[in-house]
Each structure stands twice: as structure tokens, then as C-alpha cells.
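Trainee: Protein chains in written order, with UniProt numbering: chain A, 1 to 174; chain B, 1 to 479.
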Amino acid sequence: MSELTLTVMRLGFLAVLWLFVIVAVQVIRSDLFGTRVTQRGARREAARPQQAAARQAPAQPPQQRDRQGGGGRQRRNAPTKLVVTEGTLTGTTVALQGQTITLGRAHDSTIVLDDDYASSRHARIYPDQGGQWIVEDLGSTNGTYLDRSRLTTPTPIPLGAPIRIGKTVIELRK
Amino acid sequence: MSSTSNPSTHHTSTIGAIGAPSRRNTELALLVFAVVIPVFAYANVGLAIDGSVPSGLLSYGLGLGLLAGVAHLVVRKFAPYADPLLLPLATLLNGLGLVCIWRLDQSKLLQSLPNFFTAAPRQLLYTALGIALFAVVLIFLKDHRVLQRYTYISMFTALILLVLPLVPGLGANIYGAKIWINIPGLGSLQPGEFAKIALAVFFAGYLMVKRDALALASRRFMGLYLPRGRDLGPILVVWVISILILVFETDLGTSLLFFGMFVIMLYVATERTSWIVFGLLMSAAGAVGVGSVEPHVHQRVEAWLNPLHEWKLSRQGVYGHSEQSMEALWAFGSGGTLGSGWGQGHSDLIKFAANSDFILATFGEELGLAGIMAILIVYALIVERGVRTALAARDPFGKLLAVGLSGAFALQVFVVSGGVMGLIPLTGMTMPFMAYGGSSVLANWALIGILIRISDTARRPAPAPVSNPDAEMTQVVRP
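Shown next as C-alpha cells:
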């Protein structure tokens, strides 16, 4: 065998071995996240007024909430996303695609709450057979509030009704 | 801190759900890659030694591919959400080990030795048995928590396995270390390899129950939590047993593995750094004490400190000395950064145990530093996936078991490669998956099987919520 062929094979083998290692590390990297987070950098400017509005929301809640709470009756207008309107995660949205959304301080929650008032598995939001979204408190210490009432049973969520967990408020929107 | 007080923390991200990927196709792609690399190496060895592609290329390639395929199908059927990396990584190491053993079989120098036999076909047979054991573990171990029931049975099994080599007539003293047993008609077996799995099961079950007592009852002193005297009991018992192994079986590796695994699991179970400090102090004291008293261990330490002197003594024919350590170091040195290429090194000069304890020296010479680094990273990735599995596992027993198994694996790789490279005194253990030896291959495939089972349980998506009929009855009246 010529010296050149053997040298090429020797270096080629090392290259292939390292390629395997790199591919394996790439698989780990893609495996790290349970949820896909996309930064909307381009639309950040557009998002700001919306956040500002969200921040003012607690100042004038009654009218706004009543107006949006009326949407609960038209259940055919199914919500398409869940929006965090208050708390450290303000502005975060989750697309509703029929999956269960878990909320809490546990790392594997869909929305990880960094809040002393939240339990590690605080609440979950899931669709029932009819496609109606239900919020259920998972035995949390400080409770989950839909509008002003503390949840005791799994309860359907009207469109736009605020769900409060500790300092975080989320709502379903179209 | 409310959101209004700090607007800069506002997120503009969208969280989208990824529908519970099973990653089986990723595993298959990586597995094909992991079979192609050894086949490439095999052809390379043949071209370098004989100048032609070896005639057994097709059968070895197909054999390894078939075994990997069977393992993949078993995982697909019985552990669909398992970690996608563990199986390809183990297959790659096993395949490379096979190629290296075959390459050493071709050495004229080794063929001229009196006790030479072609090891590669046997190793392929052991690999097949190992994959079969892997499949059996996945098929019959539906839930790793079943092992929790056998906590104390595992302890007795482990102790019996560790003591077996000392039984007269059964144990075999091979070159100073008494870690083998002879089974008439079947050959010899290294029970320590299987003991490490049984011990991991016992430690996990034991620490899960006792960890609160070990973690909470402590006094704080100089930044360390000092455990109460009576809580030192278990660690003392394990320490004494590991010292006894060192004295009676004269094997530093098994002793280190045994004690190190316990300290790692104790640390993970209690989150107390003080256990690590105690463990290091105790193992250092034990190793130094025994090393200066017990003659065989003492000689190993001397050979480690002065390999060249040891080599000279051996060359002069002084009984009980070995030239291997120095020759392994020369093999690494002559490999350099990029190595000499498959089949073009002279690591067969190590002669005895070139394809088992010293197999890493052949890799070091023929693949160089670049190749050794890649191989060590592959080992590290297996350990990383094991620890990752422990993080993801939901039950404390599974967490501890995964940490214990991957910790034992990591310790074994460290002890063996450190011994061959001259970092620590040499021991008689084998490089997992790579070195020639049936017990090692079988036990490590079983270990990977258990890790895959735990990772399948950990990564399986939670079942969809069942609508509660009672809740429907008392539902709030909708507006």
C-alpha cells in the first residue's frame, strides 16, 4: 500500500471519529430543551406597546376583564395562544396546540415560574374532549385564581379571563 | 419583584410545544454511523498490514451491524422514549475494541507467543452474548423500581460475588491479583464486574431510605457539615470492606471502584460536601496504609513511581517484575499527536495483556492523542447521558441508581486509563467495552440496558389527564 493512501486513511479515520463525536454532541444540544423558545427580535419594537398595555392592565381591571370575559360564551372562537400579562415572564406566549401546559417552579414545567408564591407543580391547563380549555390547580400551597375566585375543581377558562398564580397573570387569547 | 419595577426583564419569547419526540430515528442514524466507523478501521488495518482489504470485512461488518440492529429494534419496541445516544456510543466503543483486538491478532510477534489464541472471534461471541443480555434486561425489566425490592438481596449477591475469588479451588490467582474465578468447562469469570451493578442497586435502595438521617443530623464546623458519629457507621463499614478487598484480593481497582461509587452516591443523596472530603481522606489513608504494608500492592506502587527501573529489573529476569507499564508509556509516546495509523504501530511489544488491560496503549500509538481524546470523550458522553438520565428521573431510587451506575462506569474508565497512562498505580481492571474479556462486555451491556430503561421511564411523556367524573358533577355553572 502506498504511503500516501495510508496517510490519507489515517487522517480520514481521525476526522470521521471526531465527526461522530461532534454529531453526538449536536444531538445532546438538540435534546436539552423540552420546549422550543423563539426570540422575536425583529418584532420586539412592535411588542413593546403591547407590554405597556399589559402593565397598565391591573390599574383598570374591571371593565376590561368584564368585556373580555364575555368572550367565554362564544366557545367556538377557540383560543390559539396563552399570554403571560403580568409577572417576570410578561410577554411570553405559548401556542395552544392541544397539549397540556404545566405551570410551576419545577424545571420540566412548560412555563417555569420563578416566584416564591408558586408551588413546584402549581397548575395545569389542558383541553377536554370538546376542545374547551380547562385550568386545574394541582394542590398548590397558595392557590390558583380565575378572576377573583380560588379554584377548587377543574374549571373551564373563558377567553381573556385572568388566571393568577402568585405574581404571574396569564390569559388565553385568540 | 414585580414586573413593573424592572421592564428590562420582559421576555419577548414564544414557547412552543414539541410533541414528545422519541428520538428513535436519531438513534438509528447514529447507530449506522457507529457501525461504519469500525468497518472503516477494519479495512484500514487490513490495507496497512497485508496491502489488501481483509477477507472477513463483510462478515465482521455484517455481524456488528446485525447485533446493533437487534439492539435498536429491542429499544424501539420496549423502551421507545429512551436516550438516543447511549446505544450508539456503546456500539462504537465495542466495535473499535473488536477491530483493535483483531489487529493485535494479526501481529507476528504475538502469534509467536506460547499462549496465543485468536481473540477477535471470541470477543464477537461475547459481544453477541452482551447484546442478548441487554435485550433480556430491557424485555424483562419493565420498570427499574422493581429492583428496589431486592435491595438487601443485591447486597448479599454483591458480597458473595466479591468474596468468590477468595474461595479455595474456585478462585484463580492470575498474575498477582485474585479477582478471577474458574468455572470448569466455561473458562474464567471476573465476578467484580457484575458486583458493581448489584452494589449500585443496593446503595441506591439503602441511601434512598437513610438519606434524610445522613443529610440533616449534622453540626456545622468550618463551613462543613460534620455528620454525627453514629451516622459514620455505613461509610466506615464500606471503607473496611474495600480495605479488606485490597488486602485479600490485592486489587486496587475493585477497591477504589467499590468505595468511590459509595461516596459519589452518598454525596448525591445527601448534598453534603463533607462526605466527599471524608471519602477522599479515608481512601487516601487506606491506599497509603495498605500500599506500604501489602507486598503485591507495594510493588505496583513502586512500578508506578519508577517504571524505567521496573523495566530494567524485568529485563534482567528478576521474578515478579513487569516491563509493561514502561512499554505502554513508550507506545503512547511514539504515537504522538496524530498516531502512526491503524496497523502500523508496535504496541504488540507489550506482549502479555496487550489486548485486554493495555488495549488503550494500542489506541494511543495508532490513533495518537487526537484519537485517544475522541475515545475518552465518547466515554465521557456515556457518563454524561447517565447523569442526565438521573437528573430527568422522577423517582429518587432511579436517580440514585443512574448516578451510581454512571459513576461506577466513570471510575472504571479513570482507574484503567489512569493506570495505563501512569497517572495512578496500575490495576487489573478492563476498559469497558473495548478490552478483551467476556465478563466485562456482558456486565457493561447490562449496565447500559438498565440506564436505557431508567431513561425511557424518565423521558416518557406524562399521560393525558383523565377527566374526573366527580369533577364533572360538581362543575361550576357556566355563564
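Beta carbons: idealized from backbone N, C-alpha and C, even for Gly.
Confirm, please, whether the CB-CB distance from residue 135 of chain A to residue 110 of chain A is below 8 Å.
Mentor: No.
Trainee: Measure from the C-beta of residue 342 of chain B to each C-beta in chain A and report whether the shortest distance is under 8 Å.
Mentor: Taking Cβ atoms only, chain A reaches closer than 8 Å to residue 342 of chain B, which makes this a yes.
Trainee: Please confirm if residue 138 of chain A has its CB atom under 8 Å from at least one CB of chain B.
Mentor: Cβ-Cβ to chain B under 8 Å: no for residue 138 of chain A.
Trainee: Does residue 24 of chain A have its Cβ less than 8 Å from a Cβ in chain B?
Mentor: Chain B contact via Cβ: present.
Trainee: Extract the residue ranges of the beta strand (DSSP E) inside the segment 107-192 of chain B, only unbroken runs of 3 or more that lie entirely within it.
Mentor: With a minimum length of 3 residues, the continuous beta strand (DSSP E) runs that stay inside the segment 107-192 of chain B are 171-174, 177-183 and 187-189.
Trainee: Please report the distance separating the alpha-carbon of residue 61 of chain A from that of residue 404 of chain B.
Mentor: Note that residue 61 of chain A scores a pLDDT of 39, beneath 50, so its modelled location is shaky; the value from the coordinates is reported in the next line. Going by the C-alpha atoms only, they are around 54 Å apart.
Trainee: To the nearest angstrom, how far is the alpha carbon of residue 57 of chain B from that of residue 133 of chain B?
Mentor: Distance between the alpha carbons of residue 57 of chain B and residue 133 of chain B: 26 Å.
Trainee: Do the segment 187-204 of chain B and the segment 433-450 of chain B touch if we need at least three Cβ pairs shorter than 8 Å?
Mentor: They touch, by the three-pair rule.
Trainee: Is there at least one Cβ from chain B nearer than 8 Å to residue 14 of chain A's Cβ?
Mentor: With 8 Å as the cut-off, residue 14 of chain A counts as an interface residue toward chain B.
Trainee: Run the CB neighbour count on residue 111 of chain B, radius 10 Å, all protein chains shown included, and call it buried at 16 or more, exposed below.
Mentor: Looking at its Cβ environment, which holds fewer than 16 other Cβ atoms inside 10 Å, residue 111 of chain B is exposed.
Trainee: Determine the direct distance from the alpha carbon of residue 24 of chain B to that of residue 150 of chain A, and round the result to whole angstroms.
Mentor: C-alpha separation (whole angstroms): 43 Å.
Trainee: Would you say residue 84 of chain B lies against chain A (beta-carbon separation less than 8 Å)?
Mentor: Taking Cβ atoms only, chain A reaches closer than 8 Å to residue 84 of chain B, which makes this a yes.
Trainee: Determine the direct distance from the alpha carbon of residue 214 of chain B to that of residue 243 of chain B, and round the result to whole angstroms.
Mentor: Cα-Cα distance, rounded: 23 Å.
Trainee: Considering only residues of the same chain and omitting the five flanking positions on each side of residue 307 of chain B, which have a CB-CB separation below 8 Å?
Mentor: If we look at residue 307 of chain B and ignore the five residues flanking it on each side, its Cβ neighbours are 325, 326, 329 and 422.
Trainee: Three-state secondary structure (DSSP) at residue 388 of chain B?
Mentor: Residue state, collapsed to three classes: helix.
Trainee: When DSSP builds the beta bridges, which residues end up paired with residue 81 of chain A?
Mentor: Answer is A/95 and A/173, bridged to residue 81 of chain A.
Trainee: Is DSSP giving residue 149 of chain A helix, strand or coil here?
Mentor: Strand at residue 149 of chain A.
Trainee: Output needed for residue 336 of chain B: all residues of its chain with C-beta closer than 8 Å, excluding positions within five of it in sequence on either side, in chain order.
Mentor: 368 and 369, listed in sequence order.
Trainee: Under 8 Å between C-beta atoms, does residue 150 of chain A make it to chain B?
Mentor: It does not; no Cβ of chain B falls within 8 Å.
Trainee: In the structure shown, what three-state DSSP assignment does residue 127 of chain A receive?
Mentor: Reduced to three states, the DSSP call for residue 127 of chain A is strand.
Trainee: Under the three-state reduction of DSSP, which class applies to residue 422 of chain B: helix, strand or coil?
Mentor: Residue 422 of chain B falls in the coil class under three-state DSSP.
Trainee: Starting from residue 164 of chain A, follow its DSSP beta bridges and name the residues at the other end.
Mentor: In the DSSP output, where bridge partners are listed per residue, residue 164 of chain A has A/145 and A/169.
Trainee: Which partner residues does residue 133 of chain A have in the DSSP bridge list?
Mentor: In the DSSP output, where bridge partners are listed per residue, residue 133 of chain A has A/127.
Trainee: In chain A, which residues lie with their C-beta within 7 Å of the C-beta of residue 44 of chain B?
Mentor: Residues of chain A passing the Cβ test: 9 and 13.
Trainee: State the DSSP-derived secondary structure class of residue 157 of chain A, mapped to helix, strand or coil.
Mentor: Three-state result, residue 157 of chain A: coil.
Trainee: Any Cβ of chain B within less than 8 Å of the Cβ of residue 49 of chain A?
Mentor: Because residue 49 of chain A sits at a pLDDT of 46, beneath the cut-off of 50, its placement in the model cannot be relied upon, and the following sentence gives the value as read from the coordinates. Judged by the 8 Å Cβ criterion, residue 49 of chain A is not in contact with chain B.
Trainee: Using a Cβ cut-off of 9 Å, pull out every chain B residue sitting near residue 172 of chain A, in sequence order please.
Mentor: The contacting residues do not exist; residue 172 of chain A stays about 14 Å from chain B at best.
Trainee: If residue 356 of chain B sits next to residue 436 of chain B, beta carbons under 8 Å apart, how far is it from one beta carbon to the other, in whole angstroms?
Mentor: With a Cβ gap of about 5 Å, residue 356 of chain B and residue 436 of chain B count as contacting.
Trainee: What residues in its chain sit with their C-beta under 8 Å from that of residue 313 of chain B, if we drop five residues either side in the sequence?
Mentor: So the list reads 321, once near-sequence residues are dropped.
Trainee: Candidates A/29, A/146 and A/15: which alpha carbon is nearest residue 40 of chain B's?
Mentor: Here the closest residue by C-alpha is A/15.
Trainee: Please list, in chain order, the residues of the segment 378-393 of chain B that have any C-beta partner in chain A closer than 7 Å.
Mentor: Under the 7 Å Cβ criterion, the segment 378-393 of chain B contributes 378 and 381.
Trainee: Quick check: is the beta carbon of residue 515 of chain B nearer than 8 Å to any beta carbon in chain A?
Mentor: There is simply no residue 515 of chain B to check, as chain B begins at 1 and stops at 479 in what is shown.
Trainee: Check whether the Cβ of residue 133 of chain A lies closer than 8 Å to any Cβ atom in chain B.
Mentor: Output row for residue 133 of chain A: interface = no.
Trainee: In the DSSP output, which residue or residues are listed as bridge partners for residue 104 of chain A?
Mentor: Paired residue(s): A/112.
Trainee: Indicate whether the contact test is met: 3 or more Cβ pairs, each with one atom in the segment 379-389 of chain B and one in the segment 78-87 of chain B, closer than 8 Å.
Mentor: As far as the Cβ criterion goes, the segment 379-389 of chain B touches the segment 78-87 of chain B, which means the pair count is three or higher.
Trainee: List the whole-angstrom C-beta distance separating residue 162 of chain B from residue 245 of chain B, where the pair is believed to meet the contact cut-off of C-beta under 8 Å.
Mentor: Right, the Cβ-Cβ distance comes to about 6 Å (below 8 Å), so this counts as a contact.
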